[in-house]
Amino acid sequence: MASAAIPANQTPKTNYLTNGYGLKSWLLTTDHKRIAVLYLISVTVFFFLGGFFAMLIRLELLTPQGDLMQADSYNKVFTMHGMIMVFFFLIPVVPAVLGNFLVPIMIGAKDLAFPRINLLSWYLYIIAGTLFLHCMLIGGVDTGWTFYTPYSTVGSNTNVVEAGLAVFIAGFSSIFTGLNFIVTIHRMRAPGLTWDRLPLFIWANYATSIIMVLGTPVVAITIVLVAVERLFHLGIFDPKLGGDPLLFQHLFWFYSHPAVYIMILPSMGVVSELITCFSRKRIFGYKFIALSSVAIAVLGFLVWAHHMFVAGISLYAAMIFSFLTFFIGVPSAIKVFNWTATLYRGSISYATPMLYAFGFIGLFTIGGLTGLFLATLGIDVHVTDTYFVVAHFHYVMVGGVLMGYLGGMHFWWPKISGRMYPEGWAKLSALLVFVGFNLTFFPQFILGYVGMPRRYWQYPDEFQVLNVLSTAGSSVLAVGYLLPMIYFLWSLRYGPIAEANPWNAAGLEWQTTSPPPTFNFDETPVVTWEAYNYDEIAPKELEAPVGR
Amino acid sequence: MADSHATTLEPEAHNPALLHHFADAQQQKNAASLGMWLFLVTEIMFFGGMFCAYLVYRLAHFNAFAAASQQLSIKLGAFNTAVLLVSSLTVVLAVKAAEAGNRKQLVTYLVITVLLGLTFLVVKGFEYAEKFERHHVPGPTFSFTDTFDDGSQKIPVNPNEAQLYFSLYFAMTGMHALHMIIGCGLFTVLAVFAWKGHYSPGYFTPIENAGLYWHLVDIIWIYLFPLLYLISRHR
Amino acid sequence: MSKYLPLWPDQASTMAGQVDALYIYLLLVAGVMTGLIYIAVTVLAIKYRRKPGQDAHQIEGSTILEITWSIIPFGVMLTFFIWGAVLYFKERTPPADSTEVYVVAKQWMWKVEHMEGQREINQLHVPTGQDIKLIMTSQDVIHSFFIPAFRIKQDVLPGRYTTAWFKATKPGRYHLFCAEYCGTNHSGMGGDIVVMEPQEYAVWMAGGPSAPLPETGKQLFASLGCSTCHRFDVQGRGPNLQGVYNKPVLLEDGRTVIADENYVRESILNPTAKIVSGFKPVMPTFQGIVSDEQLNALVAYVKSLNQPPTGTAGLQQPAAAPAQPQNTQVQ
Numbered sequence: 001m002a003s004a005a006i007p008a009n010q011t012p013k014t015n016y017l018t019n020g021y022g023l024k025s026w027l028l029t030t031d032h033k034r035i036a037v038l039y040l041i042s043v044t045v046f047f048f049l050g051g052f053f054a055m056l057i058r059l060e061l062l063t064p065q066g067d068l069m070q071a072d073s074y075n076k077v078f079t080m081h082g083m084i085m086v087f088f089f090l091i092p093v094v095p096a097v098l099g100n101f102l103v104p105i106m107i108g109a110k111d112l113a114f115p116r117i118n119l120l121s122w123y124l125y126i127i128a129g130t131l132f133l134h135c136m137l138i139g140g141v142d143t144g145w146t147f148y149t150p151y152s153t154v155g156s157n158t159n160v161v162e163a164g165l166a167v168f169i170a171g172f173s174s175i176f177t178g179l180n181f182i183v184t185i186h187r188m189r190a191p192g193l194t195w196d197r198l199p200l201f202i203w204a205n206y207a208t209s210i211i212m213v214l215g216t217p218v219v220a221i222t223i224v225l226v227a228v229e230r231l232f233h234l235g236i237f238d239p240k241l242g243g244d245p246l247l248f249q250h251l252f253w254f255y256s257h258p259a260v261y262i263m264i265l266p267s268m269g270v271v272s273e274l275i276t277c278f279s280r281k282r283i284f285g286y287k288f289i290a291l292s293s294v295a296i297a298v299l300g301f302l303v304w305a306h307h308m309f310v311a312g313i314s315l316y317a318a319m320i321f322s323f324l325t326f327f328i329g330v331p332s333a334i335k336v337f338n339w340t341a342t343l344y345r346g347s348i349s350y351a352t353p354m355l356y357a358f359g360f361i362g363l364f365t366i367g368g369l370t371g372l373f374l375a376t377l378g379i380d381v382h383v384t385d386t387y388f389v390v391a392h393f394h395y396v397m398v399g400g401v402l403m404g405y406l407g408g409m410h411f412w413w414p415k416i417s418g419r420m421y422p423e424g425w426a427k428l429s430a431l432l433v434f435v436g437f438n439l440t441f442f443p444q445f446i447l448g449y450v451g452m453p454r455r456y457w458q459y460p461d462e463f464q465v466l467n468v469l470s471t472a473g474s475s476v477l478a479v480g481y482l483l484p485m486i487y488f489l490w491s492l493r494y495g496p497i498a499e500a501n502p503w504n505a506a507g508l509e510w511q512t513t514s515p516p517p518t519f520n521f522d523e524t525p526v527v528t529w530e531a532y533n534y535d536e537i538a539p540k541e542l543e544a545p546v547g548r
Numbered sequence: 001m002a003d004s005h006a007t008t009l010e011p012e013a014h015n016p017a018l019l020h021h022f023a024d025a026q027q028q029k030n031a032a033s034l035g036m037w038l039f040l041v042t043e044i045m046f047f048g049g050m051f052c053a054y055l056v057y058r059l060a061h062f063n064a065f066a067a068a069s070q071q072l073s074i075k076l077g078a079f080n081t082a083v084l085l086v087s088s089l090t091v092v093l094a095v096k097a098a099e100a101g102n103r104k105q106l107v108t109y110l111v112i113t114v115l116l117g118l119t120f121l122v123v124k125g126f127e128y129a130e131k132f133e134r135h136h137v138p139g140p141t142f143s144f145t146d147t148f149d150d151g152s153q154k155i156p157v158n159p160n161e162a163q164l165y166f167s168l169y170f171a172m173t174g175m176h177a178l179h180m181i182i183g184c185g186l187f188t189v190l191a192v193f194a195w196k197g198h199y200s201p202g203y204f205t206p207i208e209n210a211g212l213y214w215h216l217v218d219i220i221w222i223y224l225f226p227l228l229y230l231i232s233r234h235r
Numbered sequence: 001m002s003k004y005l006p007l008w009p010d011q012a013s014t015m016a017g018q019v020d021a022l023y024i025y026l027l028l029v030a031g032v033m034t035g036l037i038y039i040a041v042t043v044l045a046i047k048y049r050r051k052p053g054q055d056a057h058q059i060e061g062s063t064i065l066e067i068t069w070s071i072i073p074f075g076v077m078l079t080f081f082i083w084g085a086v087l088y089f090k091e092r093t094p095p096a097d098s099t100e101v102y103v104v105a106k107q108w109m110w111k112v113e114h115m116e117g118q119r120e121i122n123q124l125h126v127p128t129g130q131d132i133k134l135i136m137t138s139q140d141v142i143h144s145f146f147i148p149a150f151r152i153k154q155d156v157l158p159g160r161y162t163t164a165w166f167k168a169t170k171p172g173r174y175h176l177f178c179a180e181y182c183g184t185n186h187s188g189m190g191g192d193i194v195v196m197e198p199q200e201y202a203v204w205m206a207g208g209p210s211a212p213l214p215e216t217g218k219q220l221f222a223s224l225g226c227s228t229c230h231r232f233d234v235q236g237r238g239p240n241l242q243g244v245y246n247k248p249v250l251l252e253d254g255r256t257v258i259a260d261e262n263y264v265r266e267s268i269l270n271p272t273a274k275i276v277s278g279f280k281p282v283m284p285t286f287q288g289i290v291s292d293e294q295l296n297a298l299v300a301y302v303k304s305l306n307q308p309p310t311g312t313a314g315l316q317q318p319a320a321a322p323a324q325p326q327n328t329q330v331q
């Protein structure tokens, strides 16, 4: 516990946490760090709510008969699990929490370019979230998170309009976050911080923001059209009235496919930070990782119809979209290879964030490769809309995104809270998450290929063993996710005080105090070094690795 | 902005419009205008979804769309187009006046812009009213009996497809009108601020950015007008 | 294959083996890739673990390596694409002489109609060794017709036909699932595909009472008054429908379309949408007058008019009409 006693400079100075204690000082703050903390609290609430629904799903699927709840309830449960996790957790989680906290600090700025818009983003998120909770309390919604027409417009008799409105508003929250990030990264960088010196986390958030700004408005208007159609009985997507339900799917996936990159790209950025720090290495192939983020963002807009290979699109359209989809594989593979290569001849520590980074590589590799199965036309026909797809996107979304997010949370927790978390418990949680995750979702690949369709409330008997395995895994996973929340909270009071730079990490965020002052830096830093200059950072401290 | 920040020493703290987290006025201006351009991009994507739906259905149901389109008044549409074009001019003049520091002119042009915007909305209101009278508003009361004349014969059209046209007509022009209303509100506020002397040749970013917004709304109309009013007029 | 822990689905169609072959190829490649990455990460993480007095060795990267590990995986992925696309083309192209079966989906059941007139609900009896083409539509929301043992799946949409085909190889009972979420009883919207030896199938089929589907369609064609305008002897007010199916049709506005199932369907429900060149838009719509089942019968009847080639089709046929099997998917 070498670091516990220090910095004398910290106690007397106010940091962003001690700059005002009243409720008003939080709810009306324009400080990006405080807004990040507000987001942290709210996305955590939604994560556990979504997780609760996930557990209900797994419990229902323990037995082949639908016995825990009614079919309608089950349909609402998986819909709300999906909507909460996608729109209220996965999309905002890394950009709005870690991104909000770190983007300005990492580029040496005092705040985001538009602090009030940043606060507005959070309020929009809260309004959307409240609306969604209200929608849930008055009976929920059962369309699946995809809102497919004509079920959502003429089939369902649940609160589709209100859920749609919530998603619409949440969309604007993420549009404003993306807009803020792009402007900040373009205009607010510290002197000397050129584009090729930016941390990869910044590149990742930049690419994410492009998707948020370009894609979200399209899904917003699409959802509006669904709501209008439902309210006024129009026929925009209803074939009975001359509309085309496939047009809805095109418009929906035009955003919602890139949206998966909104989720995964920032986590990839986190992993680049973790691997370099805990290998004490410059990143292997900086340029390629940075540009691959942008490439993913751009290519992500050209592949949406791969969700529709059996939906009734033309044979040749399907072939083109399949072909384009394989292009996305290249930048994703580049990242994984570069991270692996970064380990070579490093000085690798097994601190918790690094364990999460390893976990990310492990799960994302499987998630990414199974994505290729789905891009392969002949296979997709059989496995689409089965548990194979469910397993695939959970490997990427939950395995990938959450591994990155939790790794990042452990890495930057000392900076955010000024406290260290208990390393032993943290290692245990990383292990539980990895093992629990594989137990939960690997059987679902088999289940999918054997033919169990997704969104099934009851299923033929022969699928039971695999479902039981999956449910068993999910309970391990749940413990793995609960643990960090408990010990993070514990550490707020009992954790050892963190130094400014407990990992001897590169990056501007480590050059300010933990937690940082309200304006991040006492004076604007001037950057004269490349990102991840681990060869230049205090080698003598390196001798005493951060073991606690 | 939070107040407790004033303690940080900033050399150009005399500029009240400079927010604390920017290094200088130029950086602030650049950030604001980049932000505005990005916002306009999101607006284009937002309307893009509807344009896309429109194009798909126009291709699929051309006859019905052409027949329904002929129910619109080209005169009113053209008048509104002219009104909007003039209003874009007054916005440019307002920005120029702000740049020159001419407060009186600035306020005048802003007010004219708002008046032109309101004119547009009133005309649009009359058009909508006419749709109600003729049961061209989508919904249970919708009825459409007109035919499409392809030059040689009159082809009856499917009322559902005509209703689709009017659904998109109302969605697109309604969304556009909403943007007009927001724009009018924005310029009203700016006019009041301008009257109070908030802007100077060194700081008129809000006027500039609101102007960009107005031009975008104008441009969207420039696309809506031919797409909705002028289908198959060449026949 | 255990009954309680199935690791592989039944293979009961000609397509199943082909899909499995590609799947195994993908599994192998993915397995090797995953293995390589896992081993590399593990070995590197252990070998270069932090030791006192041993610093990291900085390496900036290598463009040659980057290009290598971009191009090689992409090459491998291209093999996935090509093999997958070829297979998909087969899956989506029913052989020309397939036996046709009409399927109507609704919340939450599958209604099946054989050409011979046999009707089934949530069951489909088929013989082995026969190409079966499914012509499907939905009465309400989107459903998806999924037979895991055949490795086929096709969304079923309201307001249009989509098609799928298979050739069963192994007698038995197989699951039929709805794979597109369709509301309350989505998971109950399943049934059985009963594959029988051809002789057994013939016996089963003979047990049915109904009239053949085209026959039903013929009666409807007369009773709805279609035959007053669509005549076979002289030129009526509507086009002569003999030999029209699957041929190109020149329209009034100059376009040419293929008269596939969806075109016939649209022409009944929305007659003025695509008027045949030289005719007047005088046909009334039958939307709301004929049910989906009746529509199927009418379509089957129009198609059956191709069988005795009379050579007197009343339509302008552009030269070199391609008669290859048309994929009836709507774009």
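Protein chains in written order, with my numbering: chain R, 1 to 548; chain E, 1 to 235; chain U, 1 to 331.
For glycine and all other residues, C-beta sits at the position ideal for the given N, C-alpha and C.
Can you list, in chain order, the residues of its chain with a C-beta nearer than 8 angstroms to that of residue i? Leave out the 5 residues immediately preceding and following it.
i: PRO309/U; result: Confidence at PRO309/U is low in this model, with a pLDDT of 45, below 50, so its placement is unreliable and the value that follows should be read with caution. Once the five neighbours on either side are set aside, the close Cβ partners of PRO309/U are GLY243.
Residues of chain E with CB closer than 8 angstroms to the CB of residue i, please, in chain order.
i: ASN262/U; result: Here the premise fails: no neighbours, minimum Cβ distance about 13 angstroms.
i: ARG187/R; result: GLN27, ASN30, ALA31 and LEU34
Taking the alpha carbon of residue i as the point to measure from, which residue in the options has its own alpha carbon closest?
i: PRO95/U; options: MET109/U, MET15/U and VAL29/U; result: MET15/U
i: LEU5/U; options: TYR532/R, GLY399/R and ASN467/R; result: ASN467/R
i: GLY495/R; options: GLY418/R, PHE88/R and LEU214/R; result: GLY418/R
i: THR216/R; options: VAL228/R, HIS257/R, GLY312/R and ILE105/R; result: HIS257/R
i: ALA162/E; options: VAL303/R, ALA166/R, ILE262/R and GLY235/R; result: GLY235/R
i: GLY49/E; options: ARG58/R, LYS33/R, TYR125/R and ALA220/R; result: ALA220/R
i: ALA478/R; options: PHE53/R, GLY22/R and LYS33/R; result: PHE53/R
i: LEU220/U; options: PRO158/U, ASP260/U, PHE286/U and ARG255/U; result: PHE286/U
i: PHE39/E; options: VAL226/R, THR143/R and SER174/R; result: SER174/R
In terms of residue numbering, what span does the alpha helix (DSSP H) encompassing residue i cover?
i: GLN199/U; result: 198–206
i: ARG103/E; result: 103–133
i: GLN26/E; result: 25–60
i: PRO201/E; result: PRO201/E -> no alpha helix (DSSP H), and no H or E assigned at all.
How is the beta strand (DSSP E) around residue i delimited, first residue to last?
i: MET420/R; result: Run containing MET420/R: none; DSSP gives neither H nor E here.
i: MET109/U; result: 109–114
i: THR137/U; result: 131–138
i: PHE145/U; result: 143–147
i: TRP165/U; result: 162–167
Here's a check: name, in chain order, each residue in its chain whose Cβ is nearer than 6 angstroms to the Cβ of residue i, leaving out the five neighbours to either side.
i: SER347/R; result: ARG280
i: LEU17/R; result: PRO515
i: PHE47/E; result: ILE220
i: TYR532/R; result: THR276, ARG282, ILE283 and ALA506
i: HIS307/R; result: TRP253
Cutting at 7 angstroms between CB atoms, please list the residues of its own chain near residue i, excluding the five before and the five after it.
i: VAL381/R; result: PHE309 and VAL310
Residues of chain U with CB closer than 8 angstroms to the CB of residue i, please, in chain order.
i: PRO552/R; result: Lying outside 1 to 548, the shown extent of chain R, residue 552/R is not represented and no answer is given.
Runs of beta strand (DSSP E) lying entirely within the stretch 395–465 of chain R, each at least 3 residues, in chain order: Counting whole runs of 3 or more residues, the stretch 395–465 of chain R contains no beta strand (DSSP E) stretch at all.
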